[in-house]
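For the sequence shown, position 95 matches number 107 in the working numbering, and the numbering has no gaps at all. Virtual Cβ for every residue (Gly too), placed ideally from N, Cα, C. The structure appears right after this line, and notes come after that.
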Amino acid sequence: MSTRTKISALTLALLATVSLAACSATPAGNAQTPEAAAGFAKDANTLVFGVVPDSVDTETNYQPLMDYLAKETGKTVEYHESTDYAALIEASIAGKIDVASFSGFTYVTAANNGAKITPVSSIVTSEGQEPGYFSQAIVPVDSDIKSIADMKGKKVCFVDPSSTSGYLFPSYNLGKAGINVDSDIEKVFAGKHDVSVTKVGEGKECEAGFAEDSEVAKSDKVKVIDQTMVPGAPIVVSDNLPEELRTEVAGLMKDLTIDEIAAAGIKGADSEGFKAVFFETKPVDDAYYNTIRDICKSTNAAQCQ
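As structure tokens, then:
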């Protein structure tokens with residue numbers, strides 16, 4: 013399916029299901045087990061770990077963290093990568109995840125629509141860093157586009173309509189530059205941050221675009237023309253879990269260092285790939301994401317509703 017489109021009917025339909033899921037029963041043919049109905053996404057022996065589909069390396073990046081959680085809790089940790097951001101929001105509302113790594117915008121949208129989840133921490137990638145990362149505006153290295161304002165009339169790559177650094181903050185910044193994202197540019201939704209970077213680097217489907225800094229840094233085909241710090245992506249824990257387990261999982265995910273994961277004997281904790289995306293976690297709470305709520309109010313973005 014081509015992503016070169018304004019927000020498609022399919023995307024809008026997916027977002028609509030988010031609101032419906034908040035007030036609907038478990039779909040027919042997908043009945044919950046007694047354990048799931050009692051608070052687990054799957055059963056009492058399993059923790060379902062949900063993620064947004066950020067890049068092709070998402071599962072590899074999270075594996076040591078999931079293995080650590082499994083070892084410390086004695087549960088099987090099951091990886092759940094949703095097809096897109098809207099699907100992860102729906103899964104959280106329906107109680108289909110126990111732990112998850114969201115984007116800030118995805119968390120706020122899910123919470124707005126009734127998901128019973130609590131943010132406990134955010135991953136940082138280097139010593140001394142605070143939670144947060146950059147949404148970067150990028151163009152091909154040989155482009156003559158010098159500012160966000162120069163994107164008017166161009167084909168612009170975004171990640172997903174529910175992406176914090178790949179859509180919400182870019183839309184806000186484009187608006188400040190006098191650009192209407194629905195009429196002044198041609199929107200292309202790439203689906204993942206690395207794909208957005210690739211498409212911009214190729215300069216065919218997208219003449220400019222946006223992605224998070226960690227994926228932009230991997231490419232020598234693009235250059236950064238602007239950037240904005242966004243709140244760090246939260247690790248959330250389901251409020252539906254039994255209280256003792258919920259407290260245990262939240263404690264394990266707070267102030268967790270890569271050295272602690274390695275000391276637990278987790279395979280891959282000392283790999284360069286994991287070190288590139290994880291140094292430690294630092295506590296965050298719901299109020300930390302008020303910046304996103306403020307931008308939602310100022311942009312009146314449909315995805316915030």
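Here Glu198 is bridged, per DSSP, to Lys167. Listed as beta-bridge partners of Ala223 by DSSP are Gln148.
Ile135 is bridged by DSSP to Thr293. Residue Ile237 holds the alpha-carbon nearest to the alpha-carbon of Asp156 among Ala276, Val171, Ile237. Around the beta carbon of Tyr91, fewer than 16 other beta carbons sit within 10 angstroms, so the residue counts as exposed. Nearest C-alpha to Gly285 among Ser147, Asn302, Ser226: Ser226. Taking the Cα positions, Gly277 is about 36 Å away from Ser174.
Taken through DSSP and simplified to helix, strand or coil, Leu180 comes out as helix. The distance from the Cβ of Ile191 to that of Lys164 is about 5 Å, consistent with a contact at the 8 Å cut-off.
Looking at the DSSP output, Asp238 bridges to Ala149. Here the stretch 216-225 makes contact with the stretch 138-154; the two share three or more CB pairs at distances below 8 Å.
In this structure, Ser208 sits near Val171, with a CB-CB distance shorter than 7 Å.
Taking each of Gly140, Ala123, Asn312 in turn and checking the Cα distance to Ala299, the smallest one comes out for Ala123. If the five residues before and after Tyr80 are omitted, its C-beta is found closer than 6 Å to the C-beta atoms of Ile273, Ala276, Ile278, all from its own chain and listed in chain order. Of the residues Ala112, Val136, Glu139, the one whose Cα lies closest to the Cα of Lys128 is Ala112. Contact annotation: Val151 and Ala202 have beta-carbon atoms that are not nearer than 7 Å. With contacts defined as CB atoms closer than 7 Å, Gly116 and Pro254 fail to qualify as a contacting pair. The C-alpha of Ser104 lies about 11 Å from the C-alpha of Val60. The three-state reading of DSSP puts Glu217 in coil, since its state is none of H, G, I, E or B.
Within its own chain, the residues whose Cβ lies closer than 7 Å to the Cβ of Met241, once the five positions on either side in sequence are excluded, are Gly144, Phe146, listed in chain order. Residue environment analysis places Thr259 among the exposed positions, since fewer than 16 neighbouring C-beta atoms fall within 10 angstroms of its C-beta.
Annotation: Tyr74 to Ala106 spans about 23 Å, alpha carbon to alpha carbon. Take the alpha-carbon of Val248 and the one of Ala98: they are about 16 Å apart.
For Val136, the closest of Thr293, Lys309, Tyr184, Asp306 by C-alpha to C-alpha distance is Thr293. Rounded to whole angstroms, the Cβ separation of Thr70 and Asp251 is 25 Å, and the two are not in contact under 8 Å.
Per DSSP, the beta bridge partners of His92 are Gly62. By the criterion of a C-beta distance shorter than 7 Å, Ser183 is surrounded in its chain by Val193, Thr311, Ala313, once the five residues flanking it on both sides are discounted.
Assignment of beta-bridge partners to Thr269 by DSSP yields Glu292.
A direct Cα-Cα distance of roughly 39 Å separates Val261 from Leu186.
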